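S.K.:
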Amino acid sequence: MKNLIIIDHPLVKRDLTILRNKKTPSHQFRAILQQTASLMAYEVSRDFQTKEISIQTPLEKTKGVIVEQQIVLVPILRAGLGLVGGFVDVMPNARVGHIGLFRDEETLKPVDYYFKVPRNLDKALVLLLDPMLATGGSAVAAISYLKKRGACNIRMVNLVAAPEGVKTVHKAHPDVTMYTCALDRELNNRGYILPGLGDAGDRMFGTE
Ligand code: PRP
Ligand code: URA
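Just so you know, we're using the numbering used here here: the sequence shown kicks off at 1 and counts up by one.
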């Protein structure tokens with residue numbers, strides 16, 4: 001799969017197993033999703049440039065580094081909200097935008113209802129957050145919107161992706177690198193990922 005990086009760390013695989021389990025209650029689902037997001041953030045930031053600085057320890061002078069990369073996190077509502085906390089834990093200077101989209105249950109096409117993103121997206125690395133990449137319709141729409149608002153450096157971050165979604169995003173936006181913890185088998189006839197974890201938004205918020 002082109003432009004796809006799979007984060008297959010043992011701790012991520014362990015967390016994903018808990019998230020996939022239908023017996024996992026909402027409160028635990030939210031906590032584990034946030035923890036997994038921090039683990040994903042390490043992988044997504046692996047190639048960030050650092051700048052050397054001088055500091056003084058309590059004993060002597062030494063060199064350290066800072067990360068100057070501007071980051072904008074953009075969760076796709078609702079389920080993307082579950083990834084934000086884990087990312088800001090390790091990227092505390094990140095700014096946060098929001099894109100509201102839901103899939104029409106019949107057509108599976110995305111319906112948009114909210115957009116609010118920070119200024120100067122062109123200077124930032126934009127991390128688009130959504131646990132699920134299924135048909136790819138929501139991701140393609142969100143990326144198109146971000147590009148219209150000036151974003152030119154976008155990474156898509158998903159917990160679980162379907163091959164159909166990865167292909168669709170790559171075809172529409174070949175410049176976007178996708179990160180996922182699992183590339184699942186396929187979509188069912190209602191557009192759900194198999195084996196997947198069900199409806200991520202409903203599982204997070206208990207709205208089934
Ligand atoms: C889910 C998920 C993605 C989308 C993926 O959101 O969080 O945004 O579906 O499907 P796609 O790749 O086929 O577009 P949903 O529409 O269920 O909204 P919700 O997060 O508000 O529950
Ligand atoms: N959205 C979800 O929340 N889960 C899926 O399996 C597909 C789309």
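C-beta atoms are modelled at their ideal positions from N, C-alpha and C, and glycine is treated no differently. Bear in mind the structure is a predicted one, so any value in this text is a computation, not a measurement.
Within the continuous alpha helix (DSSP H) that includes L108, where are the two ends?
M.R.: Neither: L108 is in no alpha helix (DSSP H) and is coded neither H nor E.
S.K.: Roughly how many whole angstroms lie between the Cα atoms of L59 and R155?
M.R.: Their Cα atoms are separated by approximately 41 Å.
S.K.: Quick one: what does DSSP say K22 is sitting in, helix, strand or coil?
M.R.: Three-state result, K22: coil.
S.K.: Please say whether G97 and V74 have beta carbons closer to each other than 7 Å?
M.R.: Yes.
S.K.: Specify, as a first and last residue, the run of the alpha helix (DSSP H) that M204 falls within.
M.R.: Note, M204: alpha helix (DSSP H), 200-205.
S.K.: Quick check on C152: buried or exposed, where buried means 16 or more other Cβ atoms within 10 Å of its Cβ?
M.R.: With fewer than 16 other Cβ atoms within 10 Å, it is exposed.
S.K.: For H27, is the classification buried or exposed, using 16 other Cβ atoms within 10 angstroms of its Cβ as the cut-off for buried?
M.R.: Answer is exposed; the Cβ neighbour count stays below 16.
S.K.: Can you tell me whether S26 sits near the ligand PRP, meaning its C-beta is under 6 Å from at least one heavy atom of the ligand?
M.R.: S26 Cβ: outside cutoff for every heavy atom of the ligand PRP.
S.K.: Less than 7 Å between the C-beta atoms of T50 and V65, yes or no?
M.R.: Closer than 7 Å, so yes.
S.K.: Would you mind sorting T180 into buried or exposed? The rule is 16 or more other CB atoms within 10 Å of its CB.
M.R.: With 16 or more other Cβ atoms within 10 Å, it is buried.
S.K.: For F48, does the count of other Cβ atoms within 10 angstroms reach 16, so buried, or fall short, so exposed?
M.R.: Under this definition F48 is an exposed residue.
S.K.: Can you check which of these residues, R190, K148, K167, is closest to E106 by C-alpha distance?
M.R.: Selected option, being the one with the closest Cα: R190.
S.K.: Using DSSP with H/G/I as helix, E/B as strand and the rest coil, what is K2?
M.R.: Reduced to three states, the DSSP call for K2 is coil.
S.K.: So L39 and L11 are in contact, right, with Cβ under 8 Å, and what is the actual spacing, rounded?
M.R.: Between L11 and L39 the Cβ distance is about 6 Å, and since that is below 8 Å, they are a contact.
S.K.: So for V117, helix, strand or coil by DSSP?
M.R.: In the structure shown, V117 sits in coil (DSSP, three-state: anything other than H, G, I, E or B).
S.K.: Answer yes or no: the CB of D199 versus the heavy atoms of the ligand URA, is any distance below 6 Å?
M.R.: Indeed, a heavy atom of the ligand URA lies less than 6 Å from the Cβ.
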